[in-house]
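Protein chains in written order, with the numbering used here: chain R, 1 to 90; chain U, 1001 to 1222. The structure appears below as structure tokens.
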Amino acid sequence: MLPVIWTAFAVLAVGGFIMIAAYWLDVQDRADLSVRARIGWSAGVLLFPLTIPAYAFVGGAEWPAFLRVASVVPAIALALFFAFVFGVFG
Amino acid sequence: MWGAVRVLVRSLFDVRVSGLEHWPRPPFQLVANHHNGFDPMLVLAVVPLEPRITWFGPKEADFSRGFKNRVMAVFGGMIPYHPERITLPSAVRAVRRVFAAGGVLGIFAEGRIGFRESELLPFEEGAAAFAAASGVPVVPCAIVGSTRLWFRRRIEIRFGPPLRTDAVRGREARRELDARIREAVAALLPPTEPPLPRRQPLAWLTDLLNGADDVARRRDQP
């Protein structure tokens, strides 16, 4: 089971990095955001497991369903990372 | 490698193709309009892997500099052209080698990217010259929807009926061929600019593979 989880983690980690970049660039591209809102969402990247889903679902991003689902990928990847760190998988 | 690119491009964008039945037996020349650095990949995402398309005309001679150039260097299948260092006859020789191998030459006849879906920029001399020099048919191609890119944008790759070039001799005939090619590509374009949606998710994809000069030109657009 462990190799499967490792593989899933690797794929999700790569996807997570891509989502963080996609989130950041999308925020910078939002002409409808005020400067304060853009600074807020940009700073929010430090809390990316929470802010990316928040941005996707309630941040006015109007992302299609696929991206909304993918917005939780960084959070899942981070959770798996800490699961490995704390030996959850034995 | 190309399989992965096709999956990636078709995941990012909703790419549709029409007119593939117009493709003659290779060799032939594909003449397309140009809106974005993604254009070669958009075409390759929807056409058969064989015959292979070799793209003519990336102007950057040094493929080790810049993100766009590095991407192009990884994928290969190009004949770089630098007007100050490579003469037209030597470019024609390189093109003839593609045709001699039964390949397809792809060329963006405008020579630089345009920013309107329904209009063409003036053509450079290469498209008609290569076709006339080699006598291969020209397949007009219109890429519709790549001026601005966003996640899952619908992009249409349209191919028109091939144009014969085997009886083209002399400057006047080349000019007439150039006009025919332009007319054939223009006929595949939409009559008016399509409306853009208010929100364009991941709109930064538009300039991801565009050169700095193209980005600057877009910024200066009215």
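From the three backbone atoms N, C-alpha and C, an ideal C-beta is built for every residue, glycine too.
Any beta carbon from chain R within less than 9 Å of U/P1195's own beta carbon? With 9 Å as the cut-off, U/P1195 does not count as an interface residue toward chain R.
| query | Residues in its own chain within less than 7 Å of U/P1051 by CB, not counting five upstream and five downstream? | reply | Answer for U/P1051: P1026, G1102, G1103 and V1104, listed in chain order.
- Query: With 16 other CB atoms within 10 Å as the buried threshold, where does R/I18 fall?
  - Reply: Within a 10 Å sphere around the beta-carbon of R/I18 sit fewer than 16 other beta-carbons, which makes this residue exposed.
For U/E1125, which three-state DSSP category applies? In this structure, DSSP gives U/E1125 a state outside helix and strand, which the three-state scheme calls coil.
What residues from the segment 42-56 of chain R come within 9 Å of chain U, judged by C-beta to C-beta, listed N to C? Nothing from the segment 42-56 of chain R brings a Cβ to less than 9 Å from some Cβ of chain U.
- prompt: Interface residues of chain U around R/W63 at Cβ under 7 Å?
  reply: Taking a Cβ-Cβ threshold of 7 Å, the residues of chain U close to R/W63 are P1201, in chain order.
Express the C-alpha separation of R/I76 and U/Y1081 in angstroms, rounding to a whole number. U/Y1081 and R/I76 have their alpha carbons spaced roughly 47 Å apart.
Those residues which DSSP pairs with U/D1014 across a bridge: According to DSSP, which records beta bridges pairwise, U/D1014 is partnered with U/R1154.
Which residues in the same chain as U/P1040 place their Cβ atom closer than 6 Å to its Cβ, once the five residues preceding and following it in sequence are excluded?
Cβ within range, chain order: W1055.
Beta-carbon neighbours of R/L25, restricted to chain U and to distances below 8 Å: Chain U residues near R/L25: L1202 and W1204.
- Distance CB(U/G1037)-CB(U/G1160) smaller than 9 Å: Taking 9 Å as the Cβ cut-off, U/G1037 and U/G1160 do not qualify as a contacting pair.
query: Any beta-carbon of chain U closer than 9 Å to the one on R/L2?
result: False, the Cβ-Cβ gap to chain U never drops below 9 Å.
- Distance CB(R/A54)-CB(R/D26) smaller than 9 Å: No, the Cβ-Cβ distance between R/A54 and R/D26 is not below 9 Å.
_Interface flag, U/R1158 vs chain R, CB-CB below 9 Å_ = U/R1158 has a beta carbon lying at 9 Å or more from every beta carbon in chain R.
By the three-class DSSP mapping on this structure, what secondary structure does R/V58 have? Residue state for R/V58 is assigned as helix, using DSSP reduced to three classes.
Item to complete: Closer than 8 Å by C-beta to U/V1005: which residues in its own chain qualify, once you throw out the five before and the five after it? Chain order, please.
Response: Residues of the same chain with a CB within less than 8 Å of the CB of U/V1005, apart from the 5 flanking positions on each side, are M1041, L1044, A1045 and F1075 in chain order.
(request) Please check the pair U/R1112 and U/H1034, which I expect to be a contact at CB under 8 Å, by giving their CB distance rounded to whole angstroms. (result) Yes, U/R1112 and U/H1034 are in contact; Cβ-Cβ is about 7 Å, under 8 Å.
Should the segment 1112-1126 of chain U be regarded as contacting the segment 1007-1017 of chain U, the criterion being three or more beta carbon pairs within less than 8 Å?
Inter-segment contact for the segment 1112-1126 of chain U and the segment 1007-1017 of chain U is absent: fewer than three beta-carbon pairs are separated by less than 8 Å.
N-terminal and C-terminal residue of the beta strand (DSSP E) that U/A1142 is part of: Per DSSP, the continuous beta strand (DSSP E) segment holding U/A1142 begins and ends at V1138 to V1144.
Chain U beta carbons: is any one of them nearer than 9 Å to that of R/L67? Interface criterion met: the Cβ of R/L67 is under 9 Å from a Cβ in chain U.
Checklist entry - Can at least three beta-carbon pairs, one atom from the segment 32-39 of chain R and one from the segment 5-19 of chain R, be found at a separation below 8 Å? => result These segments do not touch.
Pull the bridge partners of U/Q1029 from the DSSP assignment, please. Checking the DSSP bridge columns, you'll see U/Q1029 partnered with U/L1105 and U/V1138.
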